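Trainee: Chains as they are written, first to last, in the working numbering: chain A, 2 to 262; chain B, 2 to 262; chain C, 2 to 262; chain D, 2 to 262; chain E, 2 to 262; chain F, 2 to 262. Glycine is no exception: its CB is placed at the ideal position from the N, C-alpha and C atoms. None of these values were measured; they are calculated from a predicted model. Below is one structure. I have some questions about it.
6 protein chains.
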Amino acid sequence: MPSAKPFLLAKMTWPEAKALLTETDIAIIPVGSTEQHGPALPLDTDAFEAEQFAYAVAERLWPKVKTIVTPLVSYGVSPHHMPFAGTVTLRAETLIDLVVDIGLSLAKHGVKKIVVMNSHGGNTPALSIALRRLYDAGLWCVQVAWWEIVADLVKQTFAPPYFHADEMETSVAWGLGQRVLQEKRVDEPGREPIAGYTRATMFAEPPNFSPVFDMTEYTDSGTIGNARRADPAKGKRIAEAAVERMVAFIEKAAALDTAKR
Amino acid sequence: MPSAKPFLLAKMTWPEAKALLTETDIAIIPVGSTEQHGPALPLDTDAFEAEQFAYAVAERLWPKVKTIVTPLVSYGVSPHHMPFAGTVTLRAETLIDLVVDIGLSLAKHGVKKIVVMNSHGGNTPALSIALRRLYDAGLWCVQVAWWEIVADLVKQTFAPPYFHADEMETSVAWGLGQRVLQEKRVDEPGREPIAGYTRATMFAEPPNFSPVFDMTEYTDSGTIGNARRADPAKGKRIAEAAVERMVAFIEKAAALDTAKR
Amino acid sequence: MPSAKPFLLAKMTWPEAKALLTETDIAIIPVGSTEQHGPALPLDTDAFEAEQFAYAVAERLWPKVKTIVTPLVSYGVSPHHMPFAGTVTLRAETLIDLVVDIGLSLAKHGVKKIVVMNSHGGNTPALSIALRRLYDAGLWCVQVAWWEIVADLVKQTFAPPYFHADEMETSVAWGLGQRVLQEKRVDEPGREPIAGYTRATMFAEPPNFSPVFDMTEYTDSGTIGNARRADPAKGKRIAEAAVERMVAFIEKAAALDTAKR
Amino acid sequence: MPSAKPFLLAKMTWPEAKALLTETDIAIIPVGSTEQHGPALPLDTDAFEAEQFAYAVAERLWPKVKTIVTPLVSYGVSPHHMPFAGTVTLRAETLIDLVVDIGLSLAKHGVKKIVVMNSHGGNTPALSIALRRLYDAGLWCVQVAWWEIVADLVKQTFAPPYFHADEMETSVAWGLGQRVLQEKRVDEPGREPIAGYTRATMFAEPPNFSPVFDMTEYTDSGTIGNARRADPAKGKRIAEAAVERMVAFIEKAAALDTAKR
Amino acid sequence: MPSAKPFLLAKMTWPEAKALLTETDIAIIPVGSTEQHGPALPLDTDAFEAEQFAYAVAERLWPKVKTIVTPLVSYGVSPHHMPFAGTVTLRAETLIDLVVDIGLSLAKHGVKKIVVMNSHGGNTPALSIALRRLYDAGLWCVQVAWWEIVADLVKQTFAPPYFHADEMETSVAWGLGQRVLQEKRVDEPGREPIAGYTRATMFAEPPNFSPVFDMTEYTDSGTIGNARRADPAKGKRIAEAAVERMVAFIEKAAALDTAKR
Amino acid sequence: MPSAKPFLLAKMTWPEAKALLTETDIAIIPVGSTEQHGPALPLDTDAFEAEQFAYAVAERLWPKVKTIVTPLVSYGVSPHHMPFAGTVTLRAETLIDLVVDIGLSLAKHGVKKIVVMNSHGGNTPALSIALRRLYDAGLWCVQVAWWEIVADLVKQTFAPPYFHADEMETSVAWGLGQRVLQEKRVDEPGREPIAGYTRATMFAEPPNFSPVFDMTEYTDSGTIGNARRADPAKGKRIAEAAVERMVAFIEKAAALDTAKR
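Okay, structure coming up:
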């Protein structure tokens, strides 16, 4: 009986991997974090999201486009969450090295295209640097963050603030099947360190500035947003839309001829 | 006769610096790049912008808020422009180390707040990582990019695409006094490596994806945008608006009590 | 309903982690690899073993000793397996940094003792270096490899060679529930690059030398050993014995007063 | 109207740089420092000198030898000056990386010869290491310090001690147009940490030893030397002589066929 | 008169080295430590052993196999001995870099095979990582520790515990000619940090665990073992047996055709 | 019987080192190279010189000033000699790390002053950087090169050129007891890559420039200078004078109270 998830690198033997790598040259690396997500969501929320999105996208694409999904990178760059117990943070350099090593290893086996399924904004700078290194080594690379792919729908579906463990994130994680301590959810608008200029939400209108911060400057609970309004059905719809758009994009990416570069 | 720009660290003697540092604890580090900006703008366009914005902001704030402006960091992270002659790129790690060293040196003399005046998007990941290190060493830090501070006005004033050496950037650089080879300006809409999914402009509607790229995937001239429509008067107005908003923000930042952190 | 595995850091909210960290100061980090294990075992065999042993040990200890199990490190140092498709290798330095970052993060939340549950021999040098750094930062640290803990029983239970994806490893992984492609199992004694001096087995009698090698110097299939003789029942017994001994040791370690150091 | 300084990389567009790079393969990188220079000279004195010498040399050479002058590296390795306010120091490693990155970028565009115009002795070890790396990458490299090039004339023109912000340096900087707070100039012979063995001057007769030091071991004012005797006319003559010698040398260097190496 | 030790790289001129390198492609790098060895043995005991074994092996092989012996690496990775005066420790990274640099330099001159004669267990992780890097650069590499090569004879000849500056090591060092302060020798069984699980000896039966440690957790004198029973005659016999086995192995290694890899 | 060289750290037991460290806080680290020295001098010439000077100085000072001499660093930074067989080069970074690690280890045992006895000019940049790091960690540090200490006498005693394996160096090494293949000595004036500007000697009059170079640009034999004129008696006198001056200096250094810094 074949694996229920035929795209999982982890569960292939090497001859199976070898065979699959004659059919495809694209791999998805899910990258999350181990960081506080308020009193209702577990520390692995980002990791869980990254993995679920990677699985859903690969499932949808299979067998038309046979992407490979590598093992999850469970840890991310989360220094701003360290005041909250249980958070683990990598130095940015560590995540860079980790993703570069994974990418270069895959390239040796014939992978030519890397999709990093990233679910933690704090990882973005390190991933940008890592992927540039991989690009310079000949790989086509992209990082994808679900909330950016569906930013239009997010704004239609959920009220601000959009920040962390908020209505949007709680809904999506819940919709994806994450453990949610429902009674622990809180609504917390988020303090503003400099009123009017450091708004506690994504998609804020200018002028908005982003000083480096610890989460404790904005919140005591770890949540910024209205987790009580979270709705798994809405989350599922948003997740579904994100998957759809990613699938459409990766189909085109898979067809690119990167040899011409 | 005192210097015409009393905020320039470069032109102070150490006793002057010492005296000023009893009155202020905030410094602006301008960070640019040395990278191609199409056939009409010189390689130092980002560096020039960063310096001009830093000067303008410091001038406006003085003497109410006495910010210090450090010497320009002329080089940035520009690997994607390397196919164009004259471009110089730092590895991301080099820029991180450079900004960290500058920041830690300033901190030893009493600076507690760092504003990085960044005019090159390619620097953002490295600067994020550098500033986090400085934050962890006790500094309050922020990076500011003029086009983000006035994104609303940019969209009202200039037509898309907004990308590189375009109508917006040519106007602003020109308005700030940059050398512009007017007859060399070109309009170039920018190719799309994956049609519909990798749009050659900022502020694109979702779904939009950002694969790692070399500029040559989008343009042959180095310009993406309509430089022929550039207007220095409009550029000056936008720059003025950006300065005004930065000034208002830095005034508030200067008043923060970071010791409580 | 509480999590079925109450020791999983990943599935705790931060207030849960905080509460648990008032009761315990010991954490288990499972570290595996993503590397070929012959034609019958998947690439995640080491990772799977590390996680299963960590879970079994933590389960047995709970609630007498409440150890925390962190998310799995799925990737290890496997350059010698790179000729086989699908293998991913980290540079030793990357694994060092990764484990150091995890350890230092845990220490900030009150963890004082780290058990690395390592199931891949190739990780040992990097882990030794990482754990020394953590020790120098004040942590008590140990790495545990199941086959060393029960080397006596292994020698009684299985025939040599003991090397990779062999009778011993296939039995234990199988006994732990790993996917095994039974019909694909092979017996492969392993070539000897220098006859009589580089024996293809652990526990070889002196004189035995260990030159640096790629697995292809010893095997074409990726297996060295007799995987066809593998028996999940035997594997389960060995695993059970290893868990028992680890549990006894960790109980004592948990009781150590490391403050006196 | 062409730029008044046709050798400035900063002010070229990329097509201009491309055209120039078909005519020349030599570039000058000015490297200075941001460090205290006593009560009369500003913090940018070394940077100012480096830039002025680079400009003067390039001007003199043009158009016979078309050297390119890159943007200034304003920061250097100045830990020994850190006790004086306003000083910024890079770690040696940072300056190494910075110069290597600049050099390798230039090499990609066809530059084959690098002249580092260095005006700060504290940079020398880092620059030596950086230039060796560039040499190993195929570049011809040299670092030039003006006071070494005219050491004979310096000894004839100025009295010792020759150390920092002294008669020699104040004269030359002044002669080059640097801001000088004339009334603030001081004469300070410099203490000797170990009398007779650690003389506070260059060109000291043996036995002379050079322990690592902070400037505060030698001076309270930041000056070591007789700045009151400084004479901009003498400085101008020395600078002129240095430029002349550098020009003669670079002419020959430009004619070298480095391909034979 | 030729050198009495014709294999010493240090004492060759470069033309002699060049000539020899046409006849051989194998080199021995002795690596020791500078660390406490109890009250009877000097700090260079490991270094002395490494050098003596290298010399003895090379002498025995010459001229049948002309191995080159490089200068001694006197320093090793000894953080666990730092509580004892005089110990010098390298960071693991430093030893890695050092051995890599030596190996790559040798490779440039035609060396294809590296034998690291290591006499300090604490060096093993760093050496493993260094040699893997050299292997990846095309070299055949092996590290050899004398006590492992004759583990069978050690167990027959000396009583446990086998740990540090014990009967075994004192005998062998003495037999090789090391300075021994005979009257200072002590017998010290070694404490067990976790009784029954962290036995103070090599070759302990399972279950045995190896937490990271400082030597002071096991001993106050620096000795763990029975140095008073040491016997130089026995030590000489063991050393002789180790040399014999190494010689036999290196003869075969020298005959390997590594080009086929 | 006490060691004939009571200052050798290598030959002390740890209690002996501990006792000595209550009487002194100064240590000498000899640093050499393993690099070609022409056809007459062995590859260890610099290392041999460093060790001999360290021994001679320590002997002369004992017991008035009890300096400690650490084990020799046999390898240095010699990339420019790599075209000659047998040369081993460290990257500058490796030597920096090595010396820093040694220095920090000594500091933990009470050493407060470090004298690096360096006999290879190519090491100077790396040593400068290493010693600055140690200085910043609280140590007093100096590097000493014998030819600089007696530059006046060298110029009186030997004819130019002074460069490498020349009359001066051959004489001194010979005078110190180095193996010299007398019949192999050569006189080689040294080519000048840029005639009149890159003179093949130390102490050249300005204008003199020092491009980065490989020795092969100056010499085919590896010698630059007149080795045939070498005279061990003269060498001995120069060495003696250098030792005398070093001894006088170190006596004063030993008396410094570095705690006041």
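#1: Give the straight-line distance between the Cα atoms of Ala51 (chain D) and Asp215 (chain D), rounded to the nearest whole angstrom.
#2: What's the gap between the Cα of Pro207 (chain C) and the Cα of Ile150 (chain E)?
#3: Who are the Cβ neighbours of Arg229 (chain F) in its own chain at under 6 Å, not counting the five residues just before and after it?
#4: With DSSP as the reference, label Pro161 (chain B) as helix, strand or coil.
#5: In chain order, what residues of the same chain lie with their CB nearer than 6 Å to the CB of Trp147 (chain F), ignoring the 5 residues before and after it?
#6: Counting only Cβ pairs nearer than 7 Å, list the residues of chain E close to Gln37 (chain F).
#7: Mapping the DSSP letters down to three states, classify Gln144 (chain A) as helix, strand or coil.
#8: Between the Cα of Ile30 (chain B) and those of B:Thr220, B:Pro40, B:Tyr56, spot the shortest distance and give me the residue it belongs to.
#9: Answer yes or no: do Leu294 (chain B) and Ala138 (chain B) have a C-beta to C-beta separation smaller than 8 Å?
#10: Would you check if there are 3 or more beta carbon pairs closer than 8 Å linking the region 30-42 of chain F to the region 74-81 of chain F?
#11: When burial is assigned at 16 or more other CB atoms within 10 Å of the CB, is Thr220 (chain C) buried or exposed?
#12: What residues from chain D crowd round Met1 (chain B), counting only those whose CB sits closer than 9 Å?
#13: Assign Val248 (chain B) to one of three DSSP states: helix, strand, or coil.
#14: Which residues in chain F sit within 9 Å of Thr75 (chain E), going by Cβ to Cβ distance?
#15: With distances taken between CB atoms, is the gap from Gly176 (chain D) to Ala234 (chain D) smaller than 8 Å?
#16: State whether the region 123-137 of chain A contacts the region 100-114 of chain A, with contact taken as three or more CB pairs (one from each stretch) at a distance under 8 Å.
#17: Do we get a CB-CB distance below 8 Å when we pair Tyr136 (chain F) with the residues of chain D?
#18: Please check if any C-beta of chain F sits within less than 8 Å of the C-beta of Thr259 (chain D).
#19: So with CB distances below 7 Å, who are the chain F contacts of Asp153 (chain D)?
#20: If Val112 (chain D) and Ala28 (chain D) are in contact, beta carbons under 8 Å, what's the gap, nearest whole angstrom?
#21: Does the beta carbon of Ile195 (chain E) come closer than 8 Å to any beta carbon on chain C?
#22: Is the Cβ-Cβ distance between Ala231 (chain D) and Glu168 (chain D) less than 8 Å?
#23: In chain D, which residues lie with their C-beta within 9 Å of the C-beta of Leu132 (chain F)?
#24: Could you please give me the residues that DSSP links to Gly123 (chain B) through a beta bridge?
#25: Distance check for Thr217 (chain C) and Ala201 (chain C), CA to CA, integer angstroms please.
#26: Should Ala166 (chain D) go down as buried or exposed, given a rule of 16 or more other Cβ atoms within 10 Å for buried?
#27: What distance in whole Å lies between the Cβ atoms of Pro190 (chain C) and Pro162 (chain C), which are believed to be in contact at a cut-off of 8 Å?
#28: Less than 8 Å separating the beta-carbons of Ile251 (chain A) and Leu62 (chain A)?
#29: Can you tell which of E:Lys156, E:Leu22, E:Leu182, E:Val181 has its C-alpha closest to the C-alpha of Phe204 (chain E)?
#30: Strictly under 8 Å for the Cβ-Cβ distance: is Tyr198 (chain A) near chain B by that measure?
#31: Can you list, in chain order, the residues of its chain with a C-beta nearer than 6 Å to that of Val89 (chain F)? Leave out the 5 residues immediately preceding and following it.
#32: Does DSSP put Asp188 (chain A) in a helix, a strand or coil?
#33: Which partner residues of Lys114 (chain E) appear in the DSSP bridge assignment?
#34: So, for Val70 (chain B): in the same chain, excluding its five sequence neighbours on each side, which residues have a beta-carbon less than 6 Å away from its beta-carbon?
#35: Please confirm whether Pro1 (chain B) and Thr23 (chain D) have their CB atoms less than 8 Å apart.
#36: Would the beta-carbon of Lys12 (chain E) fall within 8 Å of that of Arg180 (chain F)?
Mentor: Let me spell this out:
#1: 23 Å
#2: 6 Å
#3: Arg186, Asp188
#4: coil
#5: Phe54, Ala243
#6: Trp15
#7: strand
#8: B:Tyr56
#9: Because chain B is modelled from 2 through 262, residue 294 (chain B) falls outside the range shown and cannot be assessed.
#10: yes
#11: buried
#12: The structure shown does not extend to residue 1 (chain B), since chain B is modelled only from 2 to 262, so the question has no answer here.
#13: helix
#14: Sequence inspection shows Ser at residue 75 (chain E); the Thr mentioned does not correspond to that position. Within chain F, the residues near Ser75 (chain E) are Ala11, Thr71, Pro72, Leu73, Val74, Ser75.
#15: yes
#16: yes
#17: yes
#18: no
#19: Glu206, Pro207
#20: 5 Å
#21: yes
#22: yes
#23: Pro212, Val213
#24: Bridge partners of Gly123 (chain B): none, in fact.
#25: 12 Å
#26: buried
#27: 7 Å
#28: yes
#29: E:Lys156
#30: yes
#31: Thr35, Tyr76
#32: strand
#33: E:Ile27, E:Trp141
#34: Phe8, Leu9, Ile29, Ala55, Ala59
#35: Residue 1 (chain B) lies beyond the stretch modelled for chain B, which goes from 2 to 262, so this question has no answer here.
#36: yes
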